[in-house]
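Under numbering that gives the first Met the number 0, the first residue of the sequence shown is numbered 0, with each subsequent residue one higher.
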Amino acid sequence: MAGADCEEVIVRKSLLLLLLALTVGNAWAKPVSILILGDSLSASYGMDEADGWVNILRQRNDSYELINASVSGETSGGALRRLPSLLTRHQPQWIFIELGGNDGLRGFPPTITQRNLDQIIQLAHASGSQILLSQVMLPPNYGRRYTDQFDQVFQTLNEQHQLTLVPFFMEPIAPKPNLMQADGIHPNKQAQPLIADFMEQWFLQVAG
Numbered sequence: 000m001a002g003a004d005c006e007e008v009i010v011r012k013s014l015l016l017l018l019l020a021l022t023v024g025n026a027w028a029k030p031v032s033i034l035i036l037g038d039s040l041s042a043s044y045g046m047d048e049a050d051g052w053v054n055i056l057r058q059r060n061d062s063y064e065l066i067n068a069s070v071s072g073e074t075s076g077g078a079l080r081r082l083p084s085l086l087t088r089h090q091p092q093w094i095f096i097e098l099g100g101n102d103g104l105r106g107f108p109p110t111i112t113q114r115n116l117d118q119i120i121q122l123a124h125a126s127g128s129q130i131l132l133s134q135v136m137l138p139p140n141y142g143r144r145y146t147d148q149f150d151q152v153f154q155t156l157n158e159q160h161q162l163t164l165v166p167f168f169m170e171p172i173a174p175k176p177n178l179m180q181a182d183g184i185h186p187n188k189q190a191q192p193l194i195a196d197f198m199e200q201w202f203l204q205v206a207g
């Protein structure tokens, strides 16, 4: 075999091996791990866990692994206390933070919420996790001044830490009584696929 022909065969074999390695690598690639650090809106409050939006997304796609650490009634301070053990146990690549609603409903000063979320973000970054931060909105009956200060918390954190800021998934849900539970605060079972549709686009972005 001529030298040129021999070199061509070697190149072809090398390209074939490279393609095979990439194919096998993609087939065995681990899904991106996303820790959901939220409250009752992400904890399937008022329904079976299987019917919640987090579990719906688990069934749809295997490019990400969703670890639901949400707790009904959770505040930013409670999540901050739980976070170190969650980081040690799961070592997530991303954290979706959906917190602050209970702080606001209890009338906590927005400065407290901002401080707690800031510490959560710093702990997450120190562990190597990246952040998806959800905006959270309060009912208008809490007063314009308070709700404006509360809304500003998330804008400020986003600017300080250069995060991925996710619009509040309840914004299109809450005004529709047919999608809400009787308490007027929590989404019902019918709303869960809609929340899943909304959140899926964000999770697919970080999963690449």
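Where a beta carbon is used, it is the ideal one built from N, C-alpha and C, also for glycine. Quick caveat, the model's predicted, so the values are computed rather than measured.
Under the three-state reduction of DSSP, F167 is assigned to coil, being neither helix nor strand. In the three-state reduction of the DSSP assignment, G77 falls in the helix class.
Around the beta-carbon of E48, fewer than 16 other beta-carbon atoms lie within 10 Å, marking it exposed.
When the Cα atoms are used, A28 and V205 turn out to be separated by approximately 15 Å. P30 counts as exposed, since fewer than 16 other beta carbons sit within 10 angstroms of its beta carbon.
Under DSSP, Q129 takes part in a beta bridge, and its partners are W93. No residue range can be given for I172, since it is assigned to no alpha helix (DSSP H) and is classified by DSSP as neither H nor E. For a cut-off of 8 Å, the C-beta gap from L40 to M136 is around 11 Å, too long to register as a contact.
Less than 7 Å divides the Cβ of L36 from the Cβ of A68.
By the criterion of a C-beta distance shorter than 7 Å, W52 is surrounded in its chain by Q191, I194, A195 and M198, once the five residues flanking it on both sides are discounted. With respect to the 7 Å criterion, S75 and T112 are classified as neighbours on the basis of their beta carbons. Around the C-beta of N101, 16 or more other C-beta atoms lie within 10 Å, and the residue is accordingly described as buried. For I130, the closest C-alpha among the options Y141, I55, P139 and Q118 is that of Q118.
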